[in-house]
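S.K.:
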Amino acid sequence: MVAPHLAAVFTKLQTLSTSDYASVVSMNIFVALLCACIVIGHLLEENRWMNESITALIIGVFTGVIILLTSGGKSSHLLVFSEDLFFIYLLPPIIFNAGFQVKKKQFFRNFITIMLFGAVGTLISCTIISLGVINFFKEMDIGSLDIGDFLAIGAIFAATDSVCTLQVLNQDETPLLYSLVFGEGVVNDATSVVLFNAIQSFDLVNTSPRILLEFIGSFLYLFLASTMLGVIVGLVSAYIIKKLYFGRHSTDREFALMMLMAYLSYIMAELFYLSGILTVFFCGIVMSHYTWHNVTESSRVTTKHAFATLSFVAETFLFLYVGMDALDMEKWRFVSDSPGTSVAVSAVLMGLVMVGRAAFVFPLSFLSNLAKKSASEKISFREQIIIWWAGLMRGAVSMALAYNQFTRGGHTQLRGNAIMITSTITIVLFSTVVFGLMTKPLIRFLLPHPKPTASMLSDQSTPKSMEAPFLGSGQDSFDDSLIGVHRPNSIRALLTTPAHTVHYYWRKFDNAFMRPMFGGRGFVPFVPGSPTERSEPNLPQWQ
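Read in this note's numbering, the sequence shown has 86 at position 86, and its numbers run on one by one without any break.
#1: Is Ala400 near Phe87, with beta carbons less than 8 Å apart?
#2: How would you label Phe100, buried or exposed, when you count the other beta carbons within 10 angstroms and need 16 or more for buried?
#3: Does DSSP put Arg408 in a helix, in a strand, or in coil?
#4: Does the distance from the CB of Ala359 to the CB of Ile128 come in under 8 Å?
#5: When you compare each of Lys378, Leu364, Lys372 and Tyr290 to Arg521 by their alpha carbons, which one comes out closest?
#6: Given that a residue counts as buried once 16 or more other Cβ atoms are within 10 Å of its Cβ, and exposed if not, what is Asn51?
#7: Taking the alpha carbon of Ala225 as the point to measure from, which residue in Tyr245, Leu177, Met259 and Leu278 has its own alpha carbon closest?
#8: Quick check: the Cα distance between Gly148 and Glu315, rounded to an integer number of angstroms?
#9: List the endpoints of the continuous alpha helix (DSSP H) containing His305.
#10: With 16 other CB atoms within 10 Å as the buried threshold, where does Val397 fall?
#11: Flag this pair as yes or no: are the beta carbons of Ile156 and Phe196 separated by less than 8 Å?
#12: Does the Cβ of Glu139 have 16 or more other Cβ atoms within 10 Å, making it buried, or fewer, making it exposed?
#13: Quick one: Cα of Ser423 to Cα of Arg394, how far?
#14: For a test of the three-state rule: what should DSSP assign to Tyr239, helix, strand or coil?
#15: Given a cut-off of 8 Å on the beta-carbon distance, is the pair Met546 and Met259 in contact?
#16: Given 8 Å as the limit, is there contact between the segment 300-309 and the segment 37-47, that is, 3 or more CB pairs closer than that?
#17: Tell whether a beta-carbon distance below 8 Å holds between Thr118 and Thr63.
#18: With a threshold of 16 other CB atoms inside 10 Å of the CB of Leu471, please say whether the residue is buried or exposed.
#19: Could you tell me whether the segment 372-385 touches the segment 420-439, where touching means 3 or more Cβ pairs closer than 8 Å?
#20: Ordered along the chain, which non-local residues of its own chain (more than five positions away) have a Cβ less than 8 Å from that of Ile40?
#21: I need the DSSP call for Thr122, collapsed to helix, strand or coil.
#22: Which two residues bound the contiguous alpha helix (DSSP H) that contains Asn417?
#23: So what's Asp141 in DSSP terms, helix, strand or just coil?
#24: Evaluate Gly323 with the Cβ neighbour count: other Cβ atoms within 10 Å of its Cβ, from every protein chain shown; 16 or more gives buried, anything less gives exposed.
#25: Can you give me the C-alpha to C-alpha distance between Ala134 and Leu151, rounded to a whole angstrom?
#26: Using only the alpha-carbon positions, how far apart do Ile425 and Val313 sit?
#27: Determine the burial state of Thr309: buried for a count of at least 16 other Cβ atoms within 10 Å of its Cβ, exposed for fewer.
#28: Hey, how far is the Cα of Asp20 from the Cα of Tyr239?
#29: Is it buried or exposed, Val186, if we count other Cβ atoms within 10 angstroms and call 16 or more buried?
#30: Could you give the residue range of the alpha helix (DSSP H) that holds His289?
#31: According to DSSP, is Gly395 part of a helix, a strand, or is it coil?
#32: With a Cβ-Cβ cutoff of 8 Å, do Phe319 and Ile95 count as a contact?
#33: Would you mind working out which of Thr113, Asn188 and Tyr505 sits nearest Phe366, comparing C-alpha positions?
#34: Between which two residues does the alpha helix (DSSP H) containing Gly64 stretch?
#35: Does the contact criterion of 3 or more C-beta pairs under 8 Å hold for the segment 413-422 versus the segment 324-334?
#36: Under 7 Å Cβ to Cβ from Ser431, same chain only, skipping five residues before and after it: list those, please.
Rendered as structure tokens:
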């Protein structure tokens, strides 16, 4: 009786070891592919068409084809898609680094326009896409979808790909475009996720004005609470590092504390059912303005490059996996009997995405221009075309939301759900490759000589590499002579130059109250013998 029992135990252990070995093989291949993406991306660095996102996507597709052939058509990927992997591990370093490296002066100068595009624009786009699919999908045989599915589709395809935007636009050559498109992309992603969660949590069958008001109130609460949480965590990290000054004993501790508190902001947002994207983005902005200046010189270099590297690896991982997952036969098998329906659904969705984006980019740009007096700050029609075009790319956020809505554990047995997953994959591939490839040539064609802006004049020393220091001295120094605002002392000044006037008073408040308490440029904690920057002038400047 004992021998059969032992044999069963050994068989089970052997099965587990085989499974573990298969996981090790998969991880080896995936890491090797990541290395290949980096090497090939470096070799194509000067190519006017390619960027690292498209390179990783194409390598992923080719790898998927090879795996599909070697597995006899059973599978095309090495790892199973997991929303937790995306939202908990891959997205936070990308969004945090975006906030940490962004040029804050340019971002906040266009903050109202960015919020218009990112929040109001996303709502407009979501509404148009939802109304469109309700009307068009009724004429197509795609299975049973309810009103919740239609609204979710609007939120899914309203989410732009801010990750790819980082690589097709240059914040030194076209600072206004970069600031608007990238800033909008981050706010747009957060808005889309908040909308998606709100759609799933509300009873959409029995709608009433009261339900609509609760929906709007919930949306505004999530937006404001998420932003405030990110700001608070960033300020707490700055205060702790400034007061305790870990660098006097170990630079490793202050870097570890910065990294962990940045991640803590995201996890806390998820814990309180807020938007982790907004929280970690504004935490990154606050940390770069205060916390980063409170650490030692070596830690500053370390944090800049470490955060940029983590973000870069996560981006490459995402696009590589999306390329491999594009050939998932489980989903394509459901639409193989009616490929025309899948193509039609993809075409309708792509058309609605383009119309939905145009419906807010051009009208909101017109409204934004009405509030701006200086011609150099207005968004020209050519720039509006680029903003519209660059925001048409869809990426991992759309994929993750689609999997959340139309699959269970990454699998589906319903034809309608499978069609929506394959259509999402098709749109992500098509938009990333086509619009991603054409964005750089389009910018060179429409803007052969970008107009100089105040930020370009004051940011001459900023390196062009995404991994290079964006936070060096002089990066975002603010020169009043460039904008003609010295001492705004009237309501008229606030109405004529609101951004500059608000900035003037914010800088006074920042220098008088915030920096003395939380640190920052010009308020670096002094400890005898500590490796602080001797050469840095003790004049606080907004960066």
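Each residue gets a CB set at the ideal place from its N, CA and C atoms; glycine is no exception.
M.R.: Looking at the atomic coordinates:
#1: yes
#2: Buried, because 16 or more other Cβ atoms sit within 10 Å of the Cβ of Phe100.
#3: strand
#4: Yes, they are a contact pair.
#5: Tyr290
#6: buried
#7: Leu278
#8: Approximately 30 Å between the Cα atoms of the pair.
#9: Glu297 to Asp325
#10: Burial is judged here by how many other beta carbons sit within 10 angstroms of a residue's own beta carbon; Val397 has at least 16 and is buried.
#11: Contact flag set, yes.
#12: In this structure Glu139 is exposed. Its beta-carbon is surrounded by fewer than 16 other beta-carbon atoms within 10 angstroms.
#13: 12 Å
#14: helix
#15: The question about residue 546 has no answer, for the chain in this structure spans 1 to 543.
#16: no
#17: The residue you asked about is not Thr; residue 118 is Gly in the sequence shown. With a cutoff of 8 Å on beta-carbon distance, Gly118 and Thr63 are scored as not near each other.
#18: Reliability fails at Leu471, whose pLDDT of 37 lies under 50, so the model's placement of it is uncertain and the value that follows must be treated cautiously. By the neighbour-count rule (16 or more Cβ atoms within 10 Å), Leu471 is buried.
#19: Because the criterion of three Cβ pairs below 8 Å is not met, the segment 372-385 and the segment 420-439 do not touch.
#20: Thr55 and Ile59
#21: helix
#22: Arg415 to Phe430
#23: Asp141 sits in coil when the DSSP states are folded into three classes, being neither helix nor strand.
#24: buried
#25: Residue identity differs from the one stated: residue 134 is Ile in this sequence, not Ala. Whole-angstrom Cα-Cα distance: 9 Å.
#26: Their Cα atoms are separated by approximately 22 Å.
#27: exposed
#28: Spanning the alpha carbons of Asp20 and Tyr239 requires a straight line of approximately 45 Å.
#29: buried
#30: Gly276 to His289
#31: coil
#32: The beta carbons of Phe319 and Ile95 sit no closer together than 8 Å.
#33: Thr113
#34: Glu52 to Thr70
#35: yes
#36: Closer than 7 Å at Cβ, skipping near neighbours: Leu392, Met393 and Arg394.
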